[in-house]
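The sequence shown maps to residues 166 to 299 in the working numbering.
Just so you know, even glycine gets a beta-carbon here, dropped at the ideal spot from N, CA and C.
Computed from a prediction, not measured in an experiment: that's the story for all the values here.
A short worksheet on the structure shown next.
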Amino acid sequence: MIDFKLVPKVAFDEMNRVHAEEVELLNTLEKYLDAKDREGIEKTLDEMLEHTRGHFANEERLMREVNFPPYMMHKSEHDRVLNEFQFVVMDWRNHKDDAMLRNYFLETIPEWLTQHIASMDTMTAQFICMHKGC
Ligand SMILES: [Fe+2]
Ligand SMILES: [Fe+2]
166 MIDFKLVPKV AFDEMNRVHA EEVELLNTLE KYLDAKDREG IEKTLDEMLE HTRGHFANEE
226 RLMREVNFPP YMMHKSEHDR VLNEFQFVVM DWRNHKDDAM LRNYFLETIP EWLTQHIASM
286 DTMTAQFICM HKGC
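In structure tokens form, the structure reads like this:
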């Protein structure tokens with residue numbers, strides 16, 4: 166389980182709310198993986214994909230609104246992770262390898278998310294606050 170209290174917070178609060186939802190979905194996935202509840206896993210993966218798309222699209226919209234200079238760097242990292250995410254889900258649907266899914270969503274992604282929030286999201290939020298106010 167990921168403890169949201171330990172996830173870095175950024176200056177623009179709307180982004181923190183989205184990150185909290187993301188963490189909640191990852192924790193829900195863990196619960197269904199532990200229970201070997203295939204239907205629950207499927208449903209949560211769909212919700213996570215939709216949520217992640219919205220999470221990234223919203224940050225990209227905010228960055229465009231304030232003409233954030235390293236926009237492309239931040240967006241290409243979102244694109245990379247979204248592609249990887251979709252590939253992992255497709256692979257799990259084909260092979261039903263729960264250990265692989267567990268490794269990706271309960272280790273790789275939480276580590277990535279923490280790093281990403283601490284670096285690119287933190288810089289982005291500061292820039293948004295400078296231009297939009299917080
Ligand atoms: Fe984010
Ligand atoms: Fe981001």
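Limits of the unbroken alpha helix (DSSP H) element including residue i
i: ASP178; result: 178-199
i: LYS297; result: 287-297
Inter-residue Cα distance where the pair is residue i and residue j
i: ASN192; j: GLN251; result: 19 angstroms
i: LEU271; j: ILE293; result: 30 angstroms
i: ASP168; j: GLU195; result: 13 angstroms
i: GLU310; j: THR273; result: Outside the displayed range of the chain (166 to 299) lies residue 310, so it cannot be described from this structure.
i: TYR236; j: ILE206; result: 33 angstroms
i: PRO173; j: ASP262; result: 31 angstroms
i: GLN291; j: LYS170; result: 20 angstroms
i: ASP178; j: ARG203; result: 34 angstroms
i: PHE221; j: HIS281; result: 12 angstroms
i: ASN181; j: TYR269; result: 22 angstroms
i: CYS299; j: MET166; result: 30 angstroms
i: HIS184; j: VAL175; result: 10 angstroms
Neighbourhood of residue i by C-beta distance below 6 angstroms, restricted to the same chain and skipping five residues each side
i: ARG267; result: LEU198
i: TRP257; result: LEU266
i: GLU224; result: none
i: HIS243; result: PHE221
7 angstroms CB neighbourhood of residue i in its chain, flanking five on each side removed
i: THR209; result: LEU190, THR193, LEU194, TYR197
i: VAL231; result: PHE292, ILE293, HIS296, LYS297
task: At 4 residues or longer, and completely inside the region 230-277: list those alpha helix (DSSP H) runs for me, N to C.
output: The region 230-277 contains these whole alpha helix (DSSP H) runs: 236-260, 263-268.
task: Would you list the residues whose beta-carbon is nearer than 6 angstroms to any heavy atom of ligand 2, in the order they occur in the chain?
output: GLU224, HIS239, HIS243, HIS281, MET285, ASP286
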